[in-house]
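J.:
Residue numbers (the numbering used here), protein chains in the order written: chain A, 1 to 243; chain B, 244 to 447; chain C, 448 to 733; chain D, 734 to 1019.
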């Protein structure tokens, strides 16, 4: 259902320590936000893209499919930043091009950092990490169960959609809308029923309220962390100099 | 959209959203302490909301978009719970689909998991109290929930990027105008869709 | 003669689901074709290509010898002729009552209410569930749901009906009932294509078999010939149907003549064995 | 000898799901018991009573001869001894990775991390999926999920393992692998109870069979005796296993001696038939 999730599980850096990956991703994201977009944003974008494609060996096809949508949005958004509504109608804003270019560069840099994280680290690792940092256990457990259910419900929704299409439920906007409504109405009780069945299934395994599991954690490699910090120090230095 | 808001705005929206999400989480934990099984139901509701928002909704204009699902979610699960579930859904959208983003999470939570559900829920309650039919109430709730979400997004963008000559208001008009073209038909579609869903749920 | 055909069909899911690679398949009019392969081989992916739900990345699908298009109008015309029933009936029942659900397809065909009603009644009839018409769908048993799901496709009167694992999870009575209904459909002229991992089902129901593994058709041809090919079935991770092995052993031992029909049901096989042993016994006492 | 027992178990769902009425069942230690009946007979409902998920409206469940209680502590102790594997593996798997998931049960038993890790490794080993330990749960195949779900129960080292339709939906390779794992479990001392509608599976795997229909156990006893009882199997809407019929026919015809073991696998049956026919043929030429 999610090529991003698959990449997160199968990339070369899957079992690198969560701390290493998140210090890199969140650090770079923060620099892209805080420092002037030029020259920091392009540097961040290059570093994060290289880490994703060359380091973690995520397939370029998957990566490209992921950036396509944000880039489309950015083009439309930037256009509106560059323009202004004046008395004489719509025109080019003074500094409009600069604002648009800066915002676009910053956003793209952040997107590459997000993609690095999303494509190398399963979402459940991040939830587990957030829990260690103080996210309440119940909320973390709900998030983990949500993740588990996503794929089940997603597969069901896809099958329902295919079944409706086969019976011409997609012919025409009106029918499409009605079919979608029926699909959602059918999906909801089935989702809740599945939740009840999981409750029975886990009760049989001795569940009494807390959902404890034994997870494997890769320890942080000090040299790698030092390297990451060094790179980030460089980018931060660049940012401070450009200010 | 990841990285689209300047750092001060991104942080500001986190601060604005946090009280709502924390209040929802506190409430949720209280429910869970008494009935731990509810965990499964809440997770199912969250996953359902995620899947629903990933479905494609056809619009009158022939274009396609995604339903926000905030109206249905608010009517079914209540706005306080939706603040937490909506946040979880938005995090997973960013991580699994690369939609939305993490730096803009605060802003997106505010528009999609707080404003939208509260508007839908209030409209729904008000319409029922006024004695409007169930279908009309559901339609209005879902449509206005959808619209308010996108209006909020427009305002968020306008505050971040005020128009050089006409200021924030001009920018609201500018961003709002862009959204209105695509979003009003979609809001109507989402309203109709939600009516179909609620009717079908009641029939079975 | 050829109704539906694929040429060089290639498809890979982005998220790593079972892929198809350069797949050729021929569906002949009026025949029952089994697409036979292990779990996860890509059988469902193939079925989803045969009615245009998925679009191949390379290769093409032909209907009556002409490549089909993927514009909305093309798809509608295509799906009118090629019906699809998925494995899990719960994924396919949307309405509150059986009648209402089965009418979903015919209504989408734009038929008048009278015609829809007739089609619904006919479909329920042929599936042997006319008595369930007014029943609530969520109160049906597993086997009943399966038949209602098939009736929903049948009511559209497709020329070809694609079925994914039609008998999986059914007990003996449910399976026998379903097989009888499918035979009736076939007798009425429908072309059937079903995907399954069950060699015994393929042997009992199919005229033709396409052996399927790792996204490819390894061999396609008349059921008996393909299923008796030990090398081919083993390559698909399957073993030959037990009744076929028994029948061929009987032929080899001279218990059955070279042109005698092989037993296709357990009853027939048991009768054959019993007859041979009684003869053997009486021979030795004489 | 009797490990688990029900006396006069009666239960009806409010929405009219399959009920139990005055049901008696005996599970003997170290045996493999098949609860055999058609779909919708109430087999799952019965299993849910055997580990205390459902509480009978009348009658009782006994563990080692003593009636069990339904307080939280009683249930915990009960489920520690009686493991349950549901039909749909997705109803029991929730954690992100295989080893995390399998660790859930042992952790709920309050074991130390080291002991848990050992149990997880052992359970994965016996189910033949040690190589999947770090795999993401939602990326597993259907058959793999099934084995992980069973490993999750096995890691708790229950004395009895209840399995609902363990082989349903599995292809031949998946089924063979699962059966081998279950045999290994049994050899290691576990008592197995499995509910199924598949008479052939019951014949192949079970020592004892309880014939089940309409919420009642019609007959319980050694597998061969119960399955050969045509009246009883017919009353449960089933037919006797094909291999058993074949074996009994062979005995009746004198092809097998009265004390020779009946064939339990297809290979054995085919070999028997072939041998008899070769003899017959050579006899007639001499």
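The beta carbon of each residue, even a glycine, is placed where N, CA and C say it ideally should be.
So what does DSSP say about residue 995 of chain D, is it helix, strand or coil?
T.: If DSSP states are grouped into helix, strand and coil, residue 995 of chain D belongs with coil.
J.: Compare the beta carbon distance of residue 653 of chain C and residue 479 of chain C with 8 Å and say whether it is the shorter of the two.
T.: Contact flag set, yes.
J.: Could you pull out every residue in the same chain whose Cβ sits closer than 7 Å to the Cβ of residue 705 of chain C, ignoring the five residues on either side in sequence?
T.: So the qualifying residues of the chain are 698.
J.: Which parts of the segment 124-195 of chain A are runs of the alpha helix (DSSP H), unbroken and 4 residues or longer, counting only runs that do not cross its ends?
T.: You should have 137-166.
J.: Going by the beta-carbon positions, is the gap between residue 778 of chain D and residue 753 of chain D smaller than 8 Å?
T.: Their beta carbons are under 8 Å apart, which means residue 778 of chain D touches residue 753 of chain D by this criterion.
J.: Around the Cβ of residue 614 of chain C, are there at least 16 other Cβ atoms within 10 angstroms (buried) or fewer (exposed)?
T.: With 16 or more Cβ atoms within 10 Å of its Cβ, residue 614 of chain C is classed as buried.
J.: Quick check on the DSSP output: the alpha helix (DSSP H) that includes residue 806 of chain D runs from which residue to which?
T.: That run of the alpha helix (DSSP H) goes 805-814.
J.: May I ask you to report which of helix, strand or coil DSSP gives residue 99 of chain A?
T.: Three-state DSSP puts residue 99 of chain A in a helix.
J.: Could you compute how far the alpha carbon of residue 734 of chain C sits from the alpha carbon of residue 344 of chain B?
T.: Shown here, chain C extends from 448 to 733; a query on residue 734 of chain C therefore has no answer.
J.: Suppose you measure from the CA of residue 678 of chain C to the CA of residue 658 of chain C; what does that come to, to the nearest Å?
T.: Approximately 11 Å, taken between the alpha carbons.
J.: Assess, as a yes-or-no matter, whether the segment 839-846 of chain D is touched by the segment 814-828 of chain D under the definition of 3 or more beta carbon pairs within less than 8 Å.
T.: These segments do not touch.
J.: Nearest CA to the CA of residue 546 of chain C: which residue from C:598, C:529, C:507 and C:536?
T.: Out of C:598, C:529, C:507 and C:536, C:598 has the C-alpha closest to the C-alpha of residue 546 of chain C.
J.: How do the segment 452-459 of chain C and the segment 427-438 of chain B stand: do at least 3 beta-carbon pairs fall below 8 Å, yes or no?
T.: No, the segment 452-459 of chain C does not touch the segment 427-438 of chain B.
J.: Provide the residue(s) that pair with residue 955 of chain D in DSSP beta bridges, ordered along the chain.
T.: Its beta-bridge partners are D:941.
J.: Quick one: list the residues of chain C neighbouring residue 807 of chain D, beta-carbon separation under 7 Å, in chain order.
T.: Near residue 807 of chain D there are no residues of chain C at all, since even the closest Cβ is about 33 Å away, more than 7 Å.
J.: Name the one or two DSSP bridge partners that residue 460 of chain C has.
T.: In DSSP, residue 460 of chain C forms no bridge with anything.
J.: Is any beta-carbon of chain D found at less than 8 Å from that of residue 618 of chain C?
T.: With 8 Å as the cut-off, residue 618 of chain C counts as an interface residue toward chain D.
J.: How many angstroms separate the CA atom of residue 729 of chain C from the CA atom of residue 702 of chain C?
T.: The predicted model places residue 729 of chain C with a pLDDT of 49, which falls under 50 and marks its position as unreliable; any figure quoted below should be read in that light. Answer to the nearest angstrom: the Cα atoms are 15 Å apart.
J.: Identify, in the order they occur along the chain, each residue of the same chain with its Cβ nearer than 6 Å to the Cβ of residue 141 of chain A, setting aside the five sequence neighbours on each side.
T.: Correct list, in chain order: 211.
J.: CA-CA distance, residue 1018 of chain D and residue 726 of chain C?
T.: For residue 1018 of chain D, the predicted structure reports a pLDDT of 38, less than 50, and the residue's modelled location is therefore unreliable. A value from the coordinates is still provided. Approximately 15 Å, taken between the alpha carbons.
J.: Which word fits residue 960 of chain D, buried or exposed, when buried means at least 16 other C-beta atoms lie within 10 angstroms of its C-beta?
T.: Its Cβ being crowded by 16 or more others within 10 Å, residue 960 of chain D is buried.
J.: Using 8 Å as the limit for Cβ to Cβ distance, is residue 138 of chain A near chain B?
T.: Yes, contact with chain B.
J.: Opposite residue 660 of chain C in the DSSP bridges: which residues?
T.: C:663, per the DSSP bridge assignment.
J.: What separation, rounded to the nearest whole angstrom, lies between the Cα atoms of residue 72 of chain A and residue 486 of chain C?
T.: The alpha-carbon atoms of residue 72 of chain A and residue 486 of chain C are separated by roughly 39 Å.
J.: Take residue 7 of chain A and list the residues in its own chain whose beta-carbon comes closer than 6 Å to its own, dropping the five residues that flank it on each side.
T.: The residues are 58, 62 and 119.
J.: Under DSSP, the alpha helix (DSSP H) around residue 78 of chain A begins and ends at which residues?
T.: Note, residue 78 of chain A: alpha helix (DSSP H), 60-82.
J.: Using the Cα positions of residue 28 of chain A and residue 226 of chain A, report the straight-line distance between them to the nearest angstrom.
T.: Going from the Cα of residue 28 of chain A to the Cα of residue 226 of chain A covers about 15 Å.
J.: Using Cβ-Cβ distances below 7 Å, what residues of the segment 28-58 of chain A are close to chain B?
T.: Here the close residues are 29, 32, 33 and 34.
J.: According to DSSP, is residue 821 of chain D helix, strand or coil?
T.: Reduced to three states, the DSSP call for residue 821 of chain D is coil.
J.: For the segment 385-411 of chain B, which residues have a CB atom closer than 7 Å to at least one CB atom of chain A, in sequence order?
T.: Residues passing the 7 Å Cβ filter: 404, 406, 407, 408 and 409.
J.: DSSP three-state label for residue 641 of chain C, please.
T.: Strand.
J.: Please state the DSSP three-state secondary structure of residue 735 of chain D.
T.: Residue state, collapsed to three classes: strand.
J.: Going by DSSP, name the residue or residues bridged to residue 572 of chain C.
T.: Paired residue(s): none; residue 572 of chain C is not in a bridge.
J.: Let me confirm a value: residue 870 of chain D is counted as buried when at least 16 other C-beta atoms fall within 10 Å, else exposed. Which label applies?
T.: Result: buried.
J.: Let me make sure I understand the geometry here. Which of C:601, C:472 and C:497 has the alpha-carbon closest to that of residue 517 of chain C?
T.: Among C:601, C:472 and C:497, the Cα nearest to that of residue 517 of chain C belongs to C:497.
J.: Out of A:191, A:104 and A:42, point me to the one whose CA is closest to residue 77 of chain A's CA.
T.: Per the Cα distances, A:104.
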